[in-house]
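Participant: So that you can map any letter, position 379 of the sequence shown is 957 in our numbering, and since no number is skipped, the others follow by simple counting. We put the CB at the ideal spot given by N, CA and C, even for glycine. Pasting a structure below so you can have a look.
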Amino acid sequence: MLGRMGLKLGLKMALKMRLTVFRGLKPYPLKPYLLKRGPFGDTMPPTDTPEILAWEIMMSDAATYMNEATQKARVIDGLAENVPMRVIEKVGIIGAGTMGGGIAMNFATAGIQVTIVETKEEALTRGLGVVRGNYQRSADRGRFPQEEVDARMDRMTGVLEMEKLADCDLVIEAVFEDMGLKKDIFTNLDRICKPGAILATNTSALNIDEIAGVTQRPQDVIGLHFFSPANVMKLLEIVRADETGDDVVATSMALAVTIGKVATLVGVCPGFVGNRILAARQREAQALVNQGVLPWDVDNAFNNFGFKMGPFQMSDLAGLDIGWKKGAETGNPIRDRLCEMDRRGQKTGAGYYDYDENRQRSPSAVTEEIIADVTGVAAGASGLSEQDILARLLHPMVNEALLILEENKAQRPSDVDVIWSFGYGWPGDTGGPMFYGDMVGAGEILATMQALAADNPAIKPAKTLEKLAKEGGRFIDLDLGGLKTG
Ligand SMILES: NC(=O)c1ccc[n+]([C@@H]2O[C@H](COP(=O)([O-])OP(=O)(O)OC[C@H]3O[C@@H](n4cnc5c(N)ncnc54)[C@H](O)[C@@H]3O)[C@@H](O)[C@H]2O)c1
579 MLGRMGLKLG
589 LKMALKMRLT
599 VFRGLKPYPL
609 KPYLLKRGPF
619 GDTMPPTDTP
629 EILAWEIMMS
639 DAATYMNEAT
649 QKARVIDGLA
659 ENVPMRVIEK
669 VGIIGAGTMG
679 GGIAMNFATA
689 GIQVTIVETK
699 EEALTRGLGV
709 VRGNYQRSAD
719 RGRFPQEEVD
729 ARMDRMTGVL
739 EMEKLADCDL
749 VIEAVFEDMG
759 LKKDIFTNLD
769 RICKPGAILA
779 TNTSALNIDE
789 IAGVTQRPQD
799 VIGLHFFSPA
809 NVMKLLEIVR
819 ADETGDDVVA
829 TSMALAVTIG
839 KVATLVGVCP
849 GFVGNRILAA
859 RQREAQALVN
869 QGVLPWDVDN
879 AFNNFGFKMG
889 PFQMSDLAGL
899 DIGWKKGAET
909 GNPIRDRLCE
919 MDRRGQKTGA
929 GYYDYDENRQ
939 RSPSAVTEEI
949 IADVTGVAAG
959 ASGLSEQDIL
969 ARLLHPMVNE
979 ALLILEENKA
989 QRPSDVDVIW
999 SFGYGWPGDT
1009 GGPMFYGDMV
1019 GAGEILATMQ
1029 ALAADNPAIK
1039 PAKTLEKLAK
1049 EGGRFIDLDL
1059 GGLKTG
């Protein structure tokens, strides 16, 4: 027994040393996605093998790294320690839709008074009804006593006039993603809100400098980017615009803790950090389908890697008709054809997938036919393996993260991993794009990016990727100057 344990420990230490030595010098030979499904087959072998121990070590490394990364995300580099905080006792939310209602719940749950503004009584009633329903479901599951439902709802006041936000310490705008509308709202907020109020937008991708520019107080404007469902998802991307004041940043970071969120500070660029990396993944997912790869092959690869949802499951959930109008011919003819057939995702009972009454997905012969018709490639003829599919989608995410760091739109590489872990469900045993990138190695990722760039001039391997592939070093140790604004 002792002998076996000693052997196990010795092997573990030897592997740990090997891991430390190899990391950053060359790709660690055991790729997690291979290990997952694995050389082991569907079930683990009964005895410890070097492969399994190496896997365990990588997994425990990832957990330790992510704990540290989450702590580090709270630190704002360059912020004076004694920055005065603004007091937040009353919050205003504009829009009681999907995001507004969820955002409001965070504050009401934390004991903070919330005023929600809508344009019409019906929208307000519907929005507040959804909030009450959410609280009621939690109470029914025993998460808190029934009285809490009323106590939390009592902290919410629904109104139809934006003027009622005059005494709020913080206002978060969550109306439709439309620059003109957001500019109108911020022009009005500038007129209505008391001096010193923080004016925040929940935009997913719009230019917050442009929004701040319509006010006389850009130092008070910031992005507070919640994720859907906003009452559940842990991540809060705090977006610092060019003029945002230090005290507004510090207050927002502290507020995130009050409402139980994990916050990261990021800069203004299309989609900020999380959605920008997501867009790189979606672009490659679509490119694969345009080559005849089936959506479920892509999603299954992601599920096996550890994501609850792959790109096409996510599209079906979000709705294929976001940004699409009847009769439109976009750069995505497969999506256009599906939407024209009213296959717009889960909400219409069909999208890329067919859905049963319990919203269980199954591969669709209709989708397969459309793909074959549009691409001219017979189903399954692409010849790509699951590993090829993962490399095609995950490596560009690592590359995009590097471009973001090179443009100084994030503080540090580990913040990227925190964002993808808490906002997009990146599986814990591979950390996030940066930690995973180190597991794979810069050389391999560069090779994928060079192959993609050869076919698409819009794709550029990041300079840092080329440097690391040449000189060695880890993605997670990169310091490219941190977040810069102004
Ligand atoms: N849905 C998501 O997954 C998600 C995630 C993160 C960020 N966002 C962003 O959050 C914002 C809101 O998105 P959503 O999904 O909640 O939209 P939604 O359509 O569900 O809700 C928008 C609400 O705003 C209301 N509204 C419109 N104009 C208004 C005005 N002038 N005054 C008051 N209310 C007004 C509408 O009546 C509607 O109820 C968008 O900027 C979006 O990009 C969305």
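Pick from Leu814, Asp718 and Asp995: whose alpha carbon is nearest that of Gly1116?
Facilitator: Outside the shown range of the chain, which is 579 to 1064, sits residue 1116, and nothing can be said about it.
Participant: Determine the DSSP secondary structure at Ser940, reduced to helix, strand or coil.
Facilitator: Taking the first residue of the sequence shown as 1, we reach residue 940 at position 362. In the structure shown, Ser940 sits in a strand (DSSP, three-state: E or B).
Participant: Using only the heavy atoms of ligand 1, determine whether one of them is closer than 7 Å to the beta carbon of Ser806.
Facilitator: By 1-based counting over the sequence shown, the position of residue 806 is 228. True, at least one ligand heavy atom lies under 7 Å from that Cβ.
Participant: Would you list the residues sitting across from Ile671 in a DSSP beta bridge?
Facilitator: Indexing the sequence shown from 1 puts residue 671 at position 93. Note: Ile671 sits in a beta bridge opposite Ile694 and Ile750.
Participant: Could you please give me the residues that DSSP links to Val867 through a beta bridge?
Facilitator: As a working mapping, residue 867 is identified with position 289 in the sequence shown. None; Val867 has no bridge partner.
Participant: When DSSP labels each residue in this structure, what does Ile1144 get in the three-state scheme?
Facilitator: Any property of residue 1144 remains undetermined from this structure, which presents the chain solely from 579 to 1064.
Participant: Candidates Arg710, Val737 and Glu755: which alpha carbon is nearest Glu699's?
Facilitator: The count along the sequence shown starts at 1 and reaches residue 699 at position 121. Among Arg710, Val737 and Glu755, the Cα nearest to that of Glu699 belongs to Val737.
Participant: Under a three-way DSSP split, which group does Gly905 fall into?
Facilitator: As a working note, residue 905 is residue 327 in the sequence shown. Note: Gly905 maps to coil in three-state DSSP.
Participant: Cα separation between Arg715 and Thr908?
Facilitator: Numbered from its first residue, the sequence shown carries residue 715 at position 137. Numbered from its first residue, the sequence shown carries residue 908 at position 330. Cα to Cα, Arg715 sits roughly 40 Å from Thr908.
Participant: Starting from the Cα of Ala729, find the closest Cα among Arg704, Ile690 and Lys760 and give me that residue.
Facilitator: Along the sequence shown, one-based indexing puts residue 729 at 151. Looking at the Cα atoms, Ile690 is the closest of the given residues.
Participant: List the DSSP bridge partners of Met734.
Facilitator: For this step, residue 734 is matched to residue 156 along the sequence shown. In the DSSP output, where bridge partners are listed per residue, Met734 has Val692.
Participant: DSSP three-state label for Tyr1014, please.
Facilitator: Locating residue 1014 in the sequence shown gives position 436, counting from the first residue. Note: Tyr1014 maps to helix in three-state DSSP.
Participant: Ligand 1 and Ser893: does any heavy atom of the ligand fall closer than 7 Å to the residue's C-beta?
Facilitator: In the sequence shown, the residue the question calls residue 893 occupies position 315. Incorrect: Ser893 has no Cβ contact closer than 7 Å to ligand 1.
Participant: What's the call for Ala1029, buried or exposed, on a 16-neighbour Cβ count within 10 Å?
Facilitator: Taking the sequence shown and counting its residues from 1, one reaches residue 1029 at position 451. Its Cβ having fewer than 16 others within 10 Å, Ala1029 is exposed.
Participant: CB-CB under 6 Å to Gly927, same chain, minus the five flanking residues each way: which ones, in chain order?
Facilitator: By one-based count along the sequence shown, residue 927 stands at place 349. Contacts found: Tyr933.
Participant: Since Ile855 contacts Trp1004 with CB under 8 Å, what's their CB separation in whole angstroms?
Facilitator: As a working note, residue 855 is residue 277 in the sequence shown. As a working note, residue 1004 is residue 426 in the sequence shown. Not quite, the Cβ-Cβ distance comes to about 10 Å (not below 8 Å), so this is no contact.
Participant: At what residues does the alpha helix (DSSP H) containing Glu918 begin and finish?
Facilitator: Here residue 918 corresponds to residue number 340 of the sequence shown, with the count starting at 1. Its alpha helix (DSSP H) spans residues Pro911 to Glu918.
Participant: Within 8 Å (strictly less), CB to CB, does Leu738 reach chain D?
Facilitator: Absent from the structure: chain D. Only one protein chain is present.
Participant: Check each candidate in Leu784, Pro873 and Trp874 and name the one with the smallest Cα separation from Val817.
Facilitator: Reading the sequence shown from its first residue, position 239 is the one you call residue 817. Checking every option, the nearest Cα to that of Val817 belongs to Leu784.
Participant: Compute every distance between the C-beta of Val851 and the non-hydrogen atoms of ligand 1, then say whether any falls below 7 Å.
Facilitator: Indexing the sequence shown from 1 puts residue 851 at position 273. Because no heavy atom of ligand 1 lies under 7 Å away, the Cβ of Val851 does not count as near it: no.
Participant: In or out: Lys1048 buried (at least 16 other Cβ within 10 Å) or exposed?
Facilitator: Within the sequence shown, the letter at position 470 stands for residue 1048. So Lys1048 counts as exposed.
Participant: Out of Arg922, Asp1055 and Lys760, state which residue places its alpha-carbon closest to the alpha-carbon of Thr945.
Facilitator: Counted from its first residue, the sequence shown places residue 945 at position 367. Selected option, being the one with the closest Cα: Arg922.
Participant: Please list, in chain order, all residues of the same chain as Ala858 whose beta carbon is under 6 Å from its beta carbon, the five residues on each side excluded.
Facilitator: Residue 858 sits at position 280 when you count from the first residue of the sequence shown. So the qualifying residues of the chain are Pro974, Met975 and Glu978.
Participant: Which same chain residues end up closer than 7 Å to Gly1059 when comparing Cβ atoms and leaving out the 5 residues on each side of it in sequence?
Facilitator: In the sequence shown, counting from the first residue as 1, residue 1059 sits at position 481. Contacts found: Asn986.
Participant: Give the straight-line distance between the Cα atoms of Val840 and Asp756, rounded to the nearest whole angstrom.
Facilitator: Position 262 of the sequence shown, counted from the first residue, corresponds to residue 840. Position 178 of the sequence shown, counted from the first residue, corresponds to residue 756. Near 27 Å, if we compare the C-alpha coordinates of Asp756 and Val840.
Participant: Nearest-angstrom Cα distance between Gln864 and Met677?
Facilitator: For the purposes of this step, residue 864 is identified with residue 286 of the sequence shown, where counting begins at 1. For the purposes of this step, residue 677 is identified with residue 99 of the sequence shown, where counting begins at 1. Each residue's Cα considered, the two are about 27 Å apart.
Participant: Kindly provide the ranges of any alpha helix (DSSP H) runs that are 4 or more residues long and lie completely inside the segment 943-1013, ordered along the chain.
Facilitator: Complete alpha helix (DSSP H) runs here, min 4: 943-953, 964-984 and 991-1002.
Participant: So who's on the other strand from Ile776, going by DSSP bridges?
Facilitator: For the purposes of this step, residue 776 is taken as residue 198 along the sequence shown, with counting starting at 1. In DSSP, Ile776 forms a bridge with Leu748.
Participant: Less than 7 Å separating the Cβ of Glu755 from some heavy atom of ligand 2?
Facilitator: Although ligand 2 was asked about, the structure shown includes only ligand 1 as ligands.
Participant: Report the partner residues of Asp932 according to the DSSP bridge assignment.
Facilitator: Taking the first residue of the sequence shown as 1, we reach residue 932 at position 354. Beta-bridge pairing links Asp932 to Ala928 and Ser940.
Participant: Is Val692 a contact residue of ligand 1, with contact defined as CB to any heavy atom under 7 Å?
Facilitator: As a working note, residue 692 is residue 114 in the sequence shown. No, the beta carbon of Val692 sits no closer than 7 Å to any heavy atom of ligand 1.
Participant: State the start and end residues of the unbroken beta strand (DSSP E) segment that holds Val817.
Facilitator: Along the sequence shown, one-based indexing puts residue 817 at 239. Segment Leu813 to Arg818, the beta strand (DSSP E) holding Val817.
Participant: Can you give me the C-alpha to C-alpha distance between Phe764 and Gly670, rounded to a whole angstrom?
Facilitator: For this step, residue 764 is matched to residue 186 along the sequence shown. For this step, residue 670 is matched to residue 92 along the sequence shown. Taking the straight line joining both Cα atoms gives about 13 Å.
Participant: Should Gly801 and Thr779 be called a contact, given that it needs their Cβ atoms to be closer than 8 Å?
Facilitator: Numbered from 1 along the sequence shown, position 223 holds the residue referred to as residue 801. Numbered from 1 along the sequence shown, position 201 holds the residue referred to as residue 779. Yes, Cβ-Cβ distance for Gly801 and Thr779 is below 8 Å.
Participant: Would you report the Cα separation of Glu1078 and Gln965, rounded to the nearest angstrom?
Facilitator: What is shown of the chain runs 579 to 1064, which leaves residue 1078 out entirely.
Participant: Can you tell me which of the three DSSP states Leu702 falls into?
Facilitator: Residue mapping note: residue 702 aligns to position 124 of the sequence shown, counting from 1. Looking at Leu702 - three-state DSSP - the assignment turns out to be helix.
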